[in-house]
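*Asks:*
Shown next as structure tokens:
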């Protein structure tokens, strides 16, 4: 890696076994300029650390940032990370639901659930009681139980007339408001929510509100990539007529 005086980073890809050598420019001056860069040997990928100089809300800021391992989302598209100065909201894994009562309010039993009153969950896969497959607000009862509320009004949910729960349901914590983004105040950010591209948002007072409930969101400054392939090498006789 090399840094030019104008803050553009040059990266050389070198693979001896493939007789490959090629230079790339990280021309990302719209998102700031790099004042210093360092590579530290690590596994599974070398760590690249940079000091970025940016203008945030009219003020000059400097951030120490580490390049994430290159994740194309082959194993889990929700983790595909292609933003600068990014942060992640992770609501955690899906949790199996042993029981949901037909009562007012509807109560879910979940041992040591760890949820806090006012948090939101999304239920999917519930058989018998299909009415439960929605987004809800939780009301804390005790460490092993919580009840369901309307996520907009906070009123208790009456499940007396719902079908009888017969299993297979899971819940996961979700959110629409992503906080902790004060380092990007005033910037337009790109969002990957549960593996899907979402509408860009402007960070205000360190937070954004996305258009739909998400269990996992990756938020940061977007950038564009240009790719120029090699000329195609057609085998003899491949083309005809």
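In the numbering used here, the protein residues as written are 111 to 351.
Beta carbons are placed, not taken as given, at the ideal position from N, Cα and C, and that holds for glycine.
1. What does the Cβ neighbour count give for residue 314, buried or exposed, with the cut at 16 atoms within 10 Å?
2. What's the call for residue 159, buried or exposed, on a 16-neighbour Cβ count within 10 Å?
3. Cα-Cα, which of 327, 138, 250, 281 is closest to residue 228?
4. Please state if the CB of residue 311 and the CB of residue 324 are separated by a distance shorter than 8 Å.
5. Please report how far the alpha carbon of residue 167 lies from the alpha carbon of residue 296, in whole angstroms.
6. Note down the Cα distance separating residue 226 from residue 178, rounded to an integer number of angstroms.
7. Could you name the residues that DSSP lists as bridge partners for residue 169?
8. Tell me, please, which residues DSSP counts as bridged to residue 252.
9. Could you give the DSSP three-state label for residue 274: helix, strand or coil?
10. To the nearest angstrom, how far is it from the Cα of residue 307 to the Cα of residue 202?
11. Using the three-state DSSP reduction, which class does residue 132 fall into: helix, strand or coil?
12. Select from 131, 164, 288, 121 the residue whose C-alpha is nearest the C-alpha of residue 145.
13. Residues in the same chain with beta-carbon distance under 6 Å from residue 209, minus the five sequence neighbours each way, listed in chain order, please.
14. Can you give me the Cβ contacts of residue 123 inside the same chain, cut-off strictly under 6 Å, excluding the 5 residues immediately before and after it?
15. Using 8 Å as the threshold, is the stretch 253-260 in touch with the stretch 186-201, meaning 3 or more CB pairs across them?
16. For the beta strand (DSSP E) containing residue 285, name the first residue and the last one.
17. Which runs of the beta strand (DSSP E) spanning at least 3 residues fall entirely within the stretch 187-239, listed in chain order?
18. Between which two residues does the beta strand (DSSP E) carrying residue 327 extend?
19. Closer than 6 Å by C-beta to residue 305: which residues in its own chain qualify, once you throw out the five before and the five after it? Chain order, please.
20. Please return the same chain residues whose Cβ sits closer than 7 Å to the Cβ of residue 309, not counting the five positions on each side in sequence.
21. Anyone know if the C-beta pair for residue 233 and residue 242 falls short of 8 Å?
22. Would you decide whether residue 340 is buried or exposed? Buried here means 16 or more other CB atoms lie within 10 Å of its CB.
23. Keeping to the same chain, check which residues put their C-beta closer than 8 Å to that of residue 274; ignore five residues upstream and five downstream.
24. Between the Cα of residue 266 and the Cα atoms of 154, 247, 161, 143, which residue gives the shortest distance?
25. Starting from residue 317, follow its DSSP beta bridges and name the residues at the other end.
26. Looking at residue 278 and residue 235, is the spacing between their C-beta atoms short of 8 Å?
*Replies:* Well, looking at it:
1. exposed
2. exposed
3. 250
4. The answer is no: Cβ separation not under 8 Å.
5. Near 6 Å, if we compare the C-alpha coordinates of residue 296 and residue 167.
6. Spanning the two alpha carbons is a distance of roughly 31 Å.
7. 166
8. 255
9. When secondary structure is reduced to three states using DSSP, residue 274 falls in the coil class, being assigned neither helix nor strand.
10. 20 Å
11. Correct three-state label for residue 132: strand.
12. 164
13. Non-local C-beta neighbours of residue 209 in its own chain, meaning closer than 6 Å and more than five positions away in sequence, comprise 219, ordered along the chain.
14. 132
15. no
16. 280-288
17. Within the stretch 187-239, the complete beta strand (DSSP E) runs of at least 3 residues are 194-200, 217-219, 230-234.
18. 326-331
19. 187, 188
20. 321
21. In this structure, residue 233 lies near residue 242, with their beta-carbon atoms less than 8 Å apart.
22. Flag for residue 340 reads exposed.
23. 212, 238, 239
24. 247
25. 314
26. yes
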